[in-house]
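These protein sequences, in sequence, are chains R and C.
Going by UniProt numbering, the first sequence opens with residue 1, and the numbers climb by one from there.
Going by UniProt numbering, the second sequence opens with residue 1, and the numbers climb by one from there.
Built from N, CA and C at the ideal position, the CB exists for glycine as well.
Below is one structure, written out as structure tokens, with a few remarks after it.
There are 2 protein chains.
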Amino acid sequence: MNRKATALDVAKRAGVSRSAVSLVLNGRGDGNVAKESQDRIRQAAKELNYSPNAIALSLRNQRSRVIGILSDEVVVSPFDGNIIGGADDIARSRGFVTLVMDTERDTARDASAIETLLDRQVDGLMYVTVGLKPIEIPQGMLRIPSVLANCYDEHPQPQLHHVIPDEITGGREATEHLLQWGHRDIALLAGSVDSPAAPLRVQGYRDAHALAGVPFRDERVFMAGWDIDAGYHGAMKLLDGVSPADRPTAIMCANDRLAVGVALAAARLGLSVPRDLSIMGYDDEARIADTMVPALTTMALPLREIGRAAMTTLLDTIEGGEGTTAARTMETMVPCRLVVRESTGPAPH
Amino acid sequence: MNRKATALDVAKRAGVSRSAVSLVLNGRGDGNVAKESQDRIRQAAKELNYSPNAIALSLRNQRSRVIGILSDEVVVSPFDGNIIGGADDIARSRGFVTLVMDTERDTARDASAIETLLDRQVDGLMYVTVGLKPIEIPQGMLRIPSVLANCYDEHPQPQLHHVIPDEITGGREATEHLLQWGHRDIALLAGSVDSPAAPLRVQGYRDAHALAGVPFRDERVFMAGWDIDAGYHGAMKLLDGVSPADRPTAIMCANDRLAVGVALAAARLGLSVPRDLSIMGYDDEARIADTMVPALTTMALPLREIGRAAMTTLLDTIEGGEGTTAARTMETMVPCRLVVRESTGPAPH
DNA sequence: TTGAAAGCGGTACCAC
DNA sequence: GTGGTACCGCTTTCAA
């Protein structure tokens, strides 16, 4: 537990002043410090295993190279962690560190968490949520460069840039995949009303039908929820005791867990997937969609890309000067990606 | 984006010196500063919305009240986030902040992550993993108070305290639950060999049989893996085309995802759960075990408790002085908790 | 009871 | 080319 070497230690060992050490180690040695002094300094630094104290740097420079990430429950919940992963990729590659705080969905903690982060001199702030949702922007976020990932400001005049997935196109392309297999009666288990993602995916579902000239029935769309049991019971309602002619030939789900429930129901009813019924997931949840039997065809949420895009925007405004901030567009939409596996196939006739 | 108030601003406004401000706001005013000055200072601080700059504090005090948490993939993966949640609970309640870094399973990044954390003057370090596993302790962790959560040092003379779940008892109690329902032929899908948790749970399974005087057969134990497909195929091997007399009446799984696969297989085979087959999970994964149909009986991993216990130990050594460090026990085992739901029931006869 | 000053570890400006 | 010094914001000791 011995103390770390300081710049002064290096200076002494190299027989020079602290300022010389600072100059050399920051690449401003040439033209200011004699070559041989430079060598001695670098040598001494290496020997002492010197690295500058980040705290002192922050205090001096008023910049910490730390980005604060505030999440509603990304750390604690099983979902969307890759947004932070992607954000961290970019941050590290540009010499920043991310400091993550999770409020576990207690928005009352937002303000104080932001305050803590601000007290630590973070250079920028990112708010990340599990699932697309509108948020109330905590006061403090407007005081330094900030960005929203997977969430957005509902106010008429949004003040922060946000990065979100393109759910409408996602819903549309998922539906189109099913239409291309010849399905003409596609049910949709659409999540729950309190999520803004649900209606967007429904919108995409409608668009796909309209574009393809295939009529669709509103009663085929269910606001079911997001979990296995919801998928199970939704599918039972659609399939159990219904004659093959009246059954949907495909069920599209607003996430992979619903799809698991649907598959379970199909199995109980003796229906084979995808021969008798095609099942489409959404999210491409790791170790669920890819390990289901059969593996789920699904619409992958671009989590890493969202994180990367959000962090890139943020660091650009931090490093690029404040000049054109106002002129920037306030929204980035990242496309979802269709992942075709084995749970979808040609429509039975 | 206007600058924050400093202690000097407060001092000016209250018409006193900076030192007075410092004394009063740190509760050392009485006996040093006049009562009315104290009031004016507190008043001014409130008006300016003053809070001390954490960076300056760290530099000055050589303590940051930040705990660095290094995880292999807790943030990014869907698992075990609640360890961090529990750790954060305790940290916050004791006036600390946690700084989380996730290496995404790249142990080559461990050392530099620790270095970064150390440069930021963290007062303590916690290493957290997804799933119980042995780790190589990164050098830097020995330089300041540190603790391991859900992982441990394999070396003969462990240098760091670790907190882990009691997997043997967990495996035993899960098995006992099944034995109590009258099951006498219990198969075990035991995860994979590369996880130290798997053999421990098998051990518990054996212990339960031995204690109950029920013979068991080694060929009923399969190192299957951890995912849905593994559970599915494992169950198929055990059940498909096997006469009821030769079938296990219960399948115990090393996690809930395996249990989902087993349930899926049972459904395909027309077996009713729990009437024809009892299924036992492990982990009590949120929104999987509780939302399965039927809901899974499972052995809950004490994730929050692990995080809380680890953070408590760590903060105790940081705040409690170094005195008795050496005398402390180096291991804390946290019991798992049986959660009875609907996937288990009396053995058929 | 109060204020001045040193110092935490750096950086950067300015004499020399 | 080099070293001295002020300053970032705060705490703490010491003298007035």
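- Per DSSP, D102 of chain C lies in no alpha helix (DSSP H); the unbroken beta strand (DSSP E) holding it starts and ends at V97 to D102.
- Within the segment 95-122 of chain R, the residues whose Cβ lies closer than 8 Å to some Cβ of chain C are V97, T98, L99, V100, M101, D102, E104, E115, T116, L118, D119, R120 and Q121, listed in chain order.
- Residues of chain C whose Cβ lies closer than 8 Å to the Cβ of V75 of chain R are, in chain order, V74, V75, G81, I84, G85 and V100.
- Taking E154 of chain R as the centre and dropping the five residues before and after it, the same chain places the C-beta of P134 closer than 6 Å to its C-beta, in chain order.
- For V24 of chain R, the closest Cβ of chain C is not nearer than 9 Å.
- Inclusion of A11 of chain R and N49 of chain R in the CB contact set at 9 Å is not warranted, their separation being larger than that value.
- Contact check for A267 of chain R against L264 of chain C passes: the beta carbons are separated by less than 9 Å.
- Annotated three-state conformation of E331 of chain C is strand, per DSSP.
- Residues of chain C whose Cβ lies closer than 8 Å to the Cβ of A286 of chain R are, in chain order, S77 and P78.
- Taking the Cα of V128 of chain C as reference, the smallest distance to any Cα among C:V242, C:D80 and C:R109 is reached at C:D80.
- Between D153 of chain R and chain C, the shortest Cβ-Cβ separation is not below 9 Å.
- Using a CB distance cut-off of 9 Å, H233 of chain C counts as an interface residue toward chain R.
- In terms of CA proximity to M141 of chain R, R:I114 leads the group R:I114, R:D256, R:D290 and R:V334.
- Between the segment 276-289 of chain R and the segment 104-113 of chain R there are fewer than three C-beta pairs closer than 8 Å, too few to call the two in contact.
- The beta carbon of R220 of chain R sits closer than 8 Å to those of D185, I186, A187, L188 and P248, all from its chain and outside the five residues before and after it, given in chain order.
- Using a Cβ-Cβ cut-off of 9 Å, K4 of chain C counts as an interface residue toward chain R, since at least one Cβ of chain R sits closer than that to its own.
- Taking CB atoms only, A310 of chain C has no neighbour in chain R less than 9 Å away.
- Here D102 of chain R has S71, E73, V74, V75 and V76 as same chain residues with Cβ atoms under 7 Å from its own Cβ, once five neighbours each way along the sequence are excluded.
- The segment 150-164 of chain R and the segment 203-222 of chain R do not touch, with fewer than three beta-carbon pairs separated by less than 8 Å.
- Taken through DSSP and simplified to helix, strand or coil, I144 of chain C comes out as coil.
- As the crow flies, the alpha-carbon of G234 of chain C is around 23 Å from that of I279 of chain R.
- The secondary-structure analysis by DSSP pairs P134 of chain R across a beta bridge with R:Y152.
- Taken in chain order, the unbroken stretches of beta strand (DSSP E) that lie wholly in the segment 44-87 of chain C and span 3 residues or more are 66-71.
- In this structure, R:P348 is the residue among R:N32, R:T344, R:P348 and R:P274 with its C-alpha nearest to the C-alpha of P244 of chain R.
- Taken through DSSP and simplified to helix, strand or coil, D246 of chain C comes out as helix.
- The three-state reading of DSSP puts D283 of chain R in strand, counting E and B together.
- Residue state for A187 of chain C is assigned as strand, using DSSP reduced to three classes.
- In this structure, G213 of chain C keeps its C-beta atom at 9 Å or more from the C-beta atom of V262 of chain C.
- Checking the DSSP bridge columns, you'll see Y232 of chain C has no partner listed.
- Residues of the segment 252-267 of chain C whose Cβ lies closer than 9 Å to any Cβ of chain R, in chain order: R257, V260, G261, A263, L264, A265, A266 and A267.
- Close partners of S51 of chain R in chain C (Cβ separation under 8 Å): E115 and D119.
- Distance from R341 of chain R to T297 of chain R at the Cβ level is roughly 5 Å; contact confirmed, criterion being Cβ atoms closer than 8 Å.
- With respect to E173 of chain R, A208 of chain R sits close: the two C-beta atoms are nearer than 9 Å.
- Listed by position along chain R, the residues whose Cβ is nearer than 7 Å to that of T291 of chain C are D227, I228 and D229.
- Interface criterion met: the Cβ of A56 of chain R is under 9 Å from a Cβ in chain C.
- For S278 of chain R, no Cβ of chain C is located within less than 9 Å of the residue's own Cβ.
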